[in-house]
Every structure is written in structure tokens, then in C-alpha cells.
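Novice: Just so you know, our numbering puts 177 at position 122 of the sequence shown, and the rest follows in order with no gaps.
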Amino acid sequence: MIKALEKIQMTIGAVFLVIFFAAIMVQIVTRHLGISVIWTEEVANYSFIWSVFMGASVMVSKREHFSFDFLIGKLQGKSKQSLLIVIDAVIFLFSFALFYYGIEAVQNFWNYNWTSIPELKMGYVWISIPIMGATMMIYSANQLFTNIKGRGAQA
Numbered sequence: 056m057i058k059a060l061e062k063i064q065m066t067i068g069a070v071f072l073v074i075f076f077a078a079i080m081v082q083i084v085t086r087h088l089g090i091s092v093i094w095t096e097e098v099a100n101y102s103f104i105w106s107v108f109m110g111a112s113v114m115v116s117k118r119e120h121f122s123f124d125f126l127i128g129k130l131q132g133k134s135k136q137s138l139l140i141v142i143d144a145v146i147f148l149f150s151f152a153l154f155y156y157g158i159e160a161v162q163n164f165w166n167y168n169w170t171s172i173p174e175l176k177m178g179y180v181w182i183s184i185p186i187m188g189a190t191m192m193i194y195s196a197n198q199l200f201t202n203i204k205g206r207g208a209q210a
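(1) So, using beta-carbon positions, are Phe125 and Ser183 closer together than 8 Å?
(2) For the candidate residues Ile67, Arg86, Trp94, whose alpha-carbon lies nearest to that of Pro173?
(3) Decide if Arg118 is buried, meaning its Cβ has at least 16 other Cβ atoms within 10 Å, or exposed.
(4) Using the three-state DSSP reduction, which class does Lys176 fall into: helix, strand or coil?
(5) Beta carbon of Val115, beta carbon of Ile146: below 8 Å?
(6) Is Leu199 closer than 8 Å to Ile104 when the C-beta atoms are compared?
(7) Give the C-beta separation of Gly157 and Trp165 to the nearest angstrom, bearing in mind that I take them to be a contact with Cβ-Cβ under 8 Å.
(8) Going along the chain, which unbroken runs of the alpha helix (DSSP H) with 4 or more residues stay wholly within the segment 125-187?
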């Protein structure tokens, strides 16, 4: 299940990265031609946000997002396992806060409109925060349970 969720998130992140790149290319070409296309900046910004948030969540799953590499490299056995449990617990709590306050942000800003494309709601941008928080909670909980069982002493 974790690998499938990672693949879905990486696909979503890659799609938004392509959208980001395309919007930037349209912006460059139209500016060179002297045409004003106002929507490209917002599309680029918001697609980049989605791309980064999806990638950041997957990095938590791969343990490439947050760790104390120096300490983990020096520790062994129970000490290393204890440090990994603490790290996973901190990430889980942070992820819960992202999820909880992300839902509040979505509720508060859902009905705000984009400046350049008023048909689109800002909620579509803000919803990336609780999605990131929820998936980070799933990934960190999985790692936390693995380390508590004593099978996850790798970093």
C-alpha cells in the first residue's frame, strides 16, 4: 500500500511539474512576442506548490526528508532504534499539525478565487496541505510501527 501511495504521489507531483514547466515556457514565449498572458504566473506558482508538497511527502517515506545523519551513522542497536522512533514520532506530530491546520486553511480560503482565473477556487491549491499532512502521517506511522517492532534500524 505504501509503495502504491508513493507512486500516486510521485505521478501527481510529476504532472504538476510538467504543468509548471509548460506555464513557464508559455510565459517566456508570449513575453518575447509582446503578448500579455496573465494566467501563467499563477498556474506556475500553484502547480509548483503541488509538485513540491507531493514530493516532500514521499521524501518522508524514503527517509530523505528529515534525519540526523551524523547521529544515526554513529549509533547502533537500541540507541539507533530509539533515535529513529523519536524522529518518526516528531514527524508524525508535525504531519498531524499540517493535516489539522491544513483543513482549517482549506475551509477558510476555499471560496477565494484566483486572480487571473476567477473560475478556479483557492481551495484547490490549499487542499495540497492536508493531503501532504495525511500522507506524511501514513508514512511516518508505518516507519514508527516498523521501528517499534525492531525491524527498522536502517536509516
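Backbone N, C-alpha and C define an ideal beta-carbon position, used for all residues, glycine too.
Specialist: Concretely, from the data shown:
(1) Annotated as distal: Phe125 and Ser183, with beta-carbon spacing of 8 Å or more.
(2) Pro173 has its Cα closest to that of Trp94, out of Ile67, Arg86, Trp94.
(3) That one is buried.
(4) Three-state DSSP puts Lys176 in a strand.
(5) Against a cut-off of 8 Å, the Cβ pair of Ile146 and Val115 comes out as a contact.
(6) For Ile104 and Leu199, no; Cβs fall outside 8 Å.
(7) Their Cβ separation, rounded to whole angstroms, is 12 Å, which puts Gly157 and Trp165 out of contact at 8 Å.
(8) List check, alpha helix (DSSP H) in window: 132-164, 178-181.
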